[in-house]
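Asks: Chains as they are written, first to last, in UniProt numbering: chain A, 1 to 215; chain B, 1 to 215.
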DNA sequence: GCGGCACTTGACCATTTGGTCAAGAATTTT
DNA sequence: AAAATTCTTGACCAAATGGTCAAGTGCCGC
């Protein structure tokens, strides 16, 4: 008794349902610890049905990681559509913090994958990430050359931004424990965002213009 | 045909040998993905022998995580034996970068554990880490109150330091890929260390005094 | 309403897993 | 040297795992 709507996108909806469950399970147990049975239970489908849509566990996993990668790269827009480091880097930090808040499980899956040597998405790393990084490094270098910010190594600046923003997703459990056992609330997140942006922008010798333009 | 030396510390040496192999395997495969057989192979001992020293996989894992935790806390000394933020925070960053360089696998195991909800070491988190963090936060707050650094949220400053320094261990594979496929060499590490310290200390309005006093 | 087609699913299988065990080898103690 | 203790290890489980399969079930155009 399939879907309610049209008729063609039944498959898409089912796949999305499975991918959502898979993301959760992979994030909580890692690739090795995740079981198809658990993914089946979480998604509310029999295991054999999962295998109908995704032949192997690795196929499913690859899809999950790939989806995350796309979301990740979207945050790059803040970088490109900006005139200077305050707006560009500040906006990028905001965007990445927002992703950490909304897609913590995706971030965890990504971190797990990379930590274990990126066996599945090494090609993505080498192709997409390398060129993306080089592009942003050039932008940062230009800002430095124009005297808009202190001369720092763009590479390590990017690492710091990635590390710090993703920390709020990957280590959310530790952060919650240090927050009295409670997850961060709206005010906490606002505070986190501002704190991170402040320290980094001041560290770059850039005046924080706040997140004007974006809500 | 046991050891060569004394006689009593045979057990300790064997355990260390196993723990080293276990750390490597757990770091590379995660808890779920690691197998006792692989740990046995890496350590060069039959599987049954591993089980003689560590009853269960979880026992072994707990030991590995626990050892890492101790190393982690050692870096705190830089904090305590200092007079101000330049020396204290700068030294702490250096120490943590050094740990990331020398114990990347331990850092990965820790990250994996926390990312999966710290099922094994939640008690450590609640007892030791919480009180440790509160202590350092007070030190930072005192520096702020004395006007030795900009008023930032000490909590998020600590997160940033943790995130950034550990990033070089946890994401070492990604970093190597972005470094032309080569791991960081001595100069790279020096550069990374300096870059991180510079940006953060400037972000705190503290003049970087370099890592004088420590080689 | 019927024939084709996409989907569903319980039962099943080979392999791998963490863990056990008992017999023996080495070492220490008496 | 003999007894007691500690360690070693190949063979062996029961349970769980990823994946298969064939018998269905519902849906569609015709």
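Cβ atoms here follow ideal geometry from the backbone N, Cα and C, with glycine treated the same way.
Owing to the predicted nature of the structure, the values given are computational and were not obtained by experimental measurement.
In whole angstroms, what separates the C-alpha of residue 106(A) from that of residue 114(A)?
Replies: Answer to the nearest angstrom: the Cα atoms are 12 Å apart.
Asks: Measure the C-alpha to C-alpha separation of residue 62(B) and residue 49(B) and round it to an integer number of angstroms.
Replies: 18 Å
Asks: What do you reckon, are the CB atoms on residue 197(B) and residue 99(B) nearer than 7 Å?
Replies: no
Asks: Does residue 199(A) get closer than 7 Å to chain B when you measure Cβ to Cβ?
Replies: yes
Asks: Leaving out five residues on either side along the sequence, give the residues of the same chain with a beta carbon under 6 Å from the beta carbon of residue 184(B).
Replies: none
Asks: Quick one, which of 205(B), 55(B), 53(B), 58(B) has its alpha-carbon nearest residue 144(B)'s?
Replies: 205(B)
Asks: I'd like to know if residue 51(A) contacts chain B, where contact means its C-beta is closer than 7 Å to some C-beta of that chain.
Replies: no
Asks: Going by DSSP in three states, residue 2(B) sits in which element: helix, strand or coil?
Replies: In this prediction, residue 2(B) scores a pLDDT of 36, lower than 50, which makes its location untrustworthy; the coordinate-derived value is nonetheless stated afterwards. In the structure shown, residue 2(B) sits in coil (DSSP, three-state: anything other than H, G, I, E or B).
Asks: Can you name the residues of chain A whose CB is closer than 9 Å to the CB of residue 124(B)?
Replies: None at all; the shortest Cβ gap to chain A is about 10 Å.
Asks: Does any CB atom of chain B fall closer than 7 Å to the CB of residue 202(A)?
Replies: At least one CB atom of chain B sits nearer than 7 Å to the CB of residue 202(A).
Asks: Could you please give the first and the last residue of the uninterrupted alpha helix (DSSP H) stretch that includes residue 185(B)?
Replies: For residue 185(B), no alpha helix (DSSP H) run applies, since DSSP gives it neither H nor E.
Asks: Given this structure, state the Cα-to-Cα distance separating residue 214(B) from residue 160(B), to the nearest angstrom.
Replies: Since pLDDT at residue 214(B) reaches only 48, below the 50 mark, its modelled position is unreliable, and the value read off the structure follows with that caveat. In a straight line, the C-alpha of residue 214(B) is about 23 Å away from that of residue 160(B).
Asks: Can you look up residue 69(A) in the DSSP assignment and give me helix, strand or coil?
Replies: helix
Asks: Put residue 103(A) into one of helix, strand or coil per three-state DSSP.
Replies: coil
Asks: Pick from 146(A), 64(A), 165(A), 134(A): whose alpha carbon is nearest that of residue 15(A)?
Replies: 64(A)
Asks: Taking the C-alpha atoms as reference points, what is the distance between residue 84(A) and residue 201(A)?
Replies: 12 Å
Asks: At what residues does the alpha helix (DSSP H) containing residue 216(B) begin and finish?
Replies: The first residue shown for chain B is 1 and the last is 215, placing residue 216(B) beyond what the model contains.
Asks: Give the list of continuous alpha helix (DSSP H) stretches no shorter than 4 residues that lie fully inside the UniProt domain "HTH tetR-type" (12 to 72) of chain B.
Replies: 36 to 43, 47 to 53
Asks: Spatial neighbours of residue 111(B) within its chain, please: CB distance less than 6 Å, with the 5 preceding and 5 following residues excluded, ordered by chain position.
Replies: Leaving aside the five residues that flank residue 111(B) on each side, the residues in its chain whose CB is nearer than 6 Å to its CB run, in chain order, 170.
Asks: Once you ignore the five residues that flank residue 193(A) on each side, which residues in its own chain have a CB closer than 7 Å to its CB?
Replies: 94, 97
Asks: Mark residue 74(B) as exposed unless 16 or more other C-beta atoms lie within 10 angstroms of its C-beta, in which case mark it buried.
Replies: exposed
Asks: Among the residues of its own chain, which have a CB less than 6 Å from the CB of residue 17(A), if the five just before and after it don't count?
Replies: 43
Asks: Applying a beta-carbon distance threshold of less than 8 Å, which residues of chain A neighbour residue 177(B)?
Replies: Per Cβ cutoff of 8 Å: 118, 122, 125, 126, 129, 130.
Asks: Do residue 45(B) and residue 54(B) have their CB atoms nearer than 7 Å?
Replies: The Cβ atoms of residue 45(B) and residue 54(B) do not sit closer than 7 Å to each other.
Asks: Below 7 Å between beta carbons: does that hold for residue 135(B) and residue 29(A)?
Replies: no
Asks: Is there a Cβ from chain B that is less than 7 Å from the Cβ of residue 32(A)?
Replies: Yes, residue 32(A) lies at the interface with chain B (some Cβ there is under 7 Å from its Cβ).
Asks: Would residue 153(B) pass as an interface residue toward chain A - the criterion being a Cβ-Cβ separation below 7 Å?
Replies: yes
Asks: For residue 154(B), tell me which candidate among 56(A), 141(A), 179(A) has the shortest Cα-Cα distance.
Replies: 179(A)
Asks: Can you tell me whether residue 104(A) is buried or exposed, with buried defined as 16 or more other CB within 10 angstroms of its CB?
Replies: buried
Asks: Measuring straight from C-alpha to C-alpha, what distance separates residue 10(A) and residue 166(B)?
Replies: 43 Å
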